[in-house]
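Numbering (my numbering), first residue to last: 279 to 1191.
Ideal Cβ positions, reconstructed from N, Cα and C, are used throughout, including at glycine.
None of the values given here were measured: they were computed from a predicted structure.
Have a look at the structure below before the remarks.
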């Protein structure tokens, strides 16, 4: 939950679009041959067409050729709200078991890894979904479809898998318990609801996770994992006719179930008074949060409430930011909704530095929220939020990834077309509606924060029932899609053929124009600042300078800058962003202005310093931060003041406190420039028009300070093994490192890349995760990482994982055993073949992303190389033999030299008897 705490709110129908939404590109024709027997045609909206099989399965096809990838997603209309007493977390636990194999696919995660597929499953209040994104090919699509058909009713759901996966899910639960905000939200849910199952966190209760019976899981599976309770979506580059026929053959043979799905009749009663709670745990920040019950995502008020949420919680333009952060009362504010098929919650809150008074913040928060209805949104506020949502929608509609995950939210509400009705609703919401919704639901007796106080005259907010989907859709008229793109082949040869390489002043420039859906274009700029000597002793100044750029310039305030970025449809940061063909010239001018003419407002500087200090203090007891900082300092070769020095937390705090505003101005004046620099522009733009503009804006901007690469040196470091105490933290962290004398051009680098993929980078079916998660059930997540120098030889091999504190010693032993086994026995020919297949497909898929291509170009240009290096590297990967693979790994990896730092609550570190 903590990952969503500070996001901007979206209208309920559009929650999915906030993160990643509909596939985009050249829309291929929908099936035009006669439909397979038993298949009926449903609705069609903007390239998405619905079909229904005789057994009740809904199928959505969205053919799109803009990228050579395919997304297959299955959404089951079952989530945590369907769980019974004693079975909390079961929907999520079942999601994990669905990756343990089925009758025809006994090793699903290995098959994913061999195909280089990006895959996952997610569970929410109302639904569970499974998706895989992969390189477009008939073989990959055929496998994905047959696998999903196989595991729909043929998954093992076996006791042996529950035995190991239960502890993995419990570790995921423990990981969430480390987050103050995450724990606060879970407590808020449980206290806000008296009876409805929305009051239970999706992750579940620890004792339920530990004690659930396999028979319960199997019964849950047989009830809800059936074709009449599922929606299958295929999006991307595929043949619609052939795919529909394949789906009909694979899924059509699954019988329509005879059971009747359980009915749900529980309605949460109107809340009859304010409620309060406190969570007392060791930590380094304070959080005050208010929660209000609000209507279902289906209700018209829900989209209006999202406007109120954004006007309150947006940063830096929101009312809470201005009233609490800019005044110094709080370091951060947030506002977001969590709703679904049934009435949900609206959360509003603030983060306060430890030791400061929290009561004035609570009072100010209450006043801002519960008097919101008396101060309706201004015309500017409404325009800004409407523009923000419309921009997010447009960017979502231009992204052909994660279609299923996004549509799963509206599918769970009853119909995928609700996304489009929500989009139209955005255009009509008024300030009066927003104020009215605030008055109806932001009431004292509908609030959760304070203690319970009995009252003779309660002020209750009645939550209206959800309207029918049919009533919402009765006047809906679909729009025709006019967005187009070209079919771009992301091979190195094609990238090289299509890219123009020029030098403009001191800027090496790569221009790759191509037709994109929505005329999207991505810019990546790589600047270089200072050298080893002139950067010495600068402390926190470089980082603070960069953070201040977007907080005001000679022409714009911070708020005005945010509005300009929205107006120009700029998504991203100053040096890596996306915009559109129409806005690219003006966007480049704006970015150049921000980089060259920051104003460094004093108030914003103090706000930034305060936020940075609070964030640092909050990391003191976080296992991840504690372990990572300790390991970095163990490998530190440089004195304090050197830009490569690994600071202690107290050194970081001292540098932050020592920084002065004039230091930032001086640093910017002396170190900022774009000569030398590298820039890549990839997407929909006019190369001939843009090149001279880049020259005008960046070609002659030279810094005063000398610029030279800051290289690192390799050194063998004595191994360390230590355990650090982070009291009252439910989850622990394992991190390890071994320095390597390695450069990316070394003959062994391709072999080591493959070996690292097999050992720990290849996901669930890597050796590391197969041991610590699949077999031993010790960890929810872990992996290994290989780093090689590009200009120097400072390489490293690293391993990281999480586990409950009582399992850290077992985790360490398991990792050491797997590392020793890999060195002693080597890897197998099958593992090598799978790694080659997986890595090559991943690299191809990465090159289908414009942002990745642009970033790749600036990295290559910095080293005076091109994508020809990438092509040759892949050829070397494919040429690696099994003896070369094992020899390279044995030569580089000495387990006895591995340094290990673990962090967790030491009082929990001994396993329970």
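Original post:
Looking at residue 971 and the ligand COA, is the gap between the Cβ and the nearest heavy atom below 7 Å?
Top reply: Absent from the structure shown: the ligand COA. Ligands present: none.
Original post:
What distance in whole Å lies between the Cβ atoms of residue 943 and residue 878, which are believed to be in contact at a cut-off of 8 Å?
Top reply: 6 Å
**OP:** With residue 328 as the anchor, note down where its beta strand (DSSP E) starts and where it stops.
**Re:** 326 to 330
Original post:
Roughly how many whole angstroms lie between the Cα atoms of residue 303 and residue 798?
Top reply: Because residue 303 sits at a pLDDT of 33, beneath the cut-off of 50, its placement in the model cannot be relied upon, and the following sentence gives the value as read from the coordinates. If you take the alpha carbons of residue 303 and residue 798, they lie about 11 Å apart.
Original post:
Alpha carbon to alpha carbon, how far is residue 728 from residue 403?
Top reply: The predicted model places residue 728 with a pLDDT of 42, which falls under 50 and marks its position as unreliable; any figure quoted below should be read in that light. So the two alpha carbons sit approximately 26 Å from each other.
Subject >> Those residues which DSSP pairs with residue 1021 across a bridge >> reply: 1067
Subject >> Distance, residue 337 Cα to residue 904 Cα >> reply: 48 Å
Original post:
With a CB to CB cut of under 6 Å and the five nearest residues on each side skipped, what residues in its chain are close to residue 1179?
Top reply: 905, 908, 909, 1000 and 1013
Subject >> Closest residue to residue 873 among 824, 753 and 896 (Cα-Cα distance) >> reply: 824
Original post:
Where do the N-terminal and C-terminal ends of the alpha helix (DSSP H) with residue 893 fall, by residue?
Top reply: 880 to 896
Subject >> Local conformation of residue 731 per DSSP, three classes >> reply: Residue placement at residue 731 is flagged as unreliable, the pLDDT there being 33, under the threshold of 50; the coordinate-derived value follows with that caveat. Residue 731: coil per DSSP, three-state reduction.
**OP:** Give every residue of the same chain whose Cβ lies closer than 6 Å to the Cβ of residue 307, excluding the five residues on either side of it in the sequence, and list them in chain order.
**Re:** Low confidence applies to residue 307: its pLDDT is 46, below 50, so where it sits in the model is not reliable, and the reading given next is rough at best. Excluding sequence neighbours, residue 307 sits near nothing in its chain.
Original post:
Taking the continuous beta strand (DSSP E) assigned at residue 1075, which residues delimit it?
Top reply: 1072 to 1081
Original post:
Per DSSP, what kind of secondary structure is residue 957 in: helix, strand or coil?
Top reply: strand
**OP:** Helix, strand or coil for residue 996, going by three-state DSSP, please let me know.
**Re:** coil
Original post:
Going by Cα to Cα distance, which pick from 1091, 710, 986 and 330 is closest to residue 506?
Top reply: 330
Subject >> Element boundaries [alpha helix (DSSP H), containing residue 823] >> reply: 819 to 826
Original post:
Which of helix, strand or coil does DSSP assign to residue 437?
Top reply: helix
**OP:** Could you pull the start and end residues of the alpha helix (DSSP H) that residue 839 belongs to?
**Re:** 836 to 845
**OP:** On the DSSP bridge assignment, give the partners of residue 697 in chain order.
**Re:** Answer by DSSP bridge pairing: none, since residue 697 is not bridged.
Original post:
Who does residue 569 pair with in a DSSP beta bridge?
Top reply: 625 and 726
Original post:
Expressed to the nearest angstrom, what Euclidean distance is found between the alpha-carbon atoms of residue 1175 and residue 1100?
Top reply: 15 Å
Original post:
Going straight from the alpha carbon of residue 655 to that of residue 720, what length do you get?
Top reply: 15 Å
**OP:** Can you say whether residue 351 is buried or exposed, counting buried as having 16 or more other CB atoms within 10 angstroms of its CB?
**Re:** buried
Original post:
Are at least three pairs of beta-carbons, each pair with one atom in the segment 496 to 512 and one in the segment 655 to 669, less than 8 Å apart?
Top reply: no
Original post:
With distances taken from CA atoms, which of 484, 724, 358 and 492 is nearest residue 448?
Top reply: 484
Original post:
Given a threshold of 16 other Cβ atoms within 10 Å of its Cβ, counted over all protein chains shown, does residue 1186 qualify as buried or as exposed?
Top reply: buried
**OP:** Helix, strand or coil for residue 511, going by three-state DSSP, please let me know.
**Re:** strand
Subject >> Buried or exposed by the 16-neighbour rule on C-beta atoms within 10 Å, applied to residue 746 >> reply: exposed
Original post:
Taking just the CA atoms, how far does residue 622 sit from residue 1253?
Top reply: This structure cannot settle anything about residue 1253, because the visible part of the chain is limited to 279 through 1191.
Subject >> Residue environment, residue 1064, which counts as buried when at least 16 other CB atoms sit within 10 Å >> reply: buried
Subject >> Sequence ranges, alpha helix (DSSP H) only - wholly within the segment 469 to 523, length at least 4 >> reply: 484 to 489 and 492 to 502
**OP:** Using only alpha-carbon positions, find the residue among 468, 428, 323 and 829 that is nearest to residue 675.
**Re:** 323
**OP:** List the residues that DSSP assigns as beta-bridge partners of residue 980.
**Re:** In the DSSP output, where bridge partners are listed per residue, residue 980 has none listed.
Original post:
Terminal residues of the continuous alpha helix (DSSP H) containing residue 1169?
Top reply: 1160 to 1170
Subject >> Neighbourhood of residue 840 by C-beta, 7 Å cutoff - its chain only, sequence neighbours within 5 removed >> reply: 594 and 595
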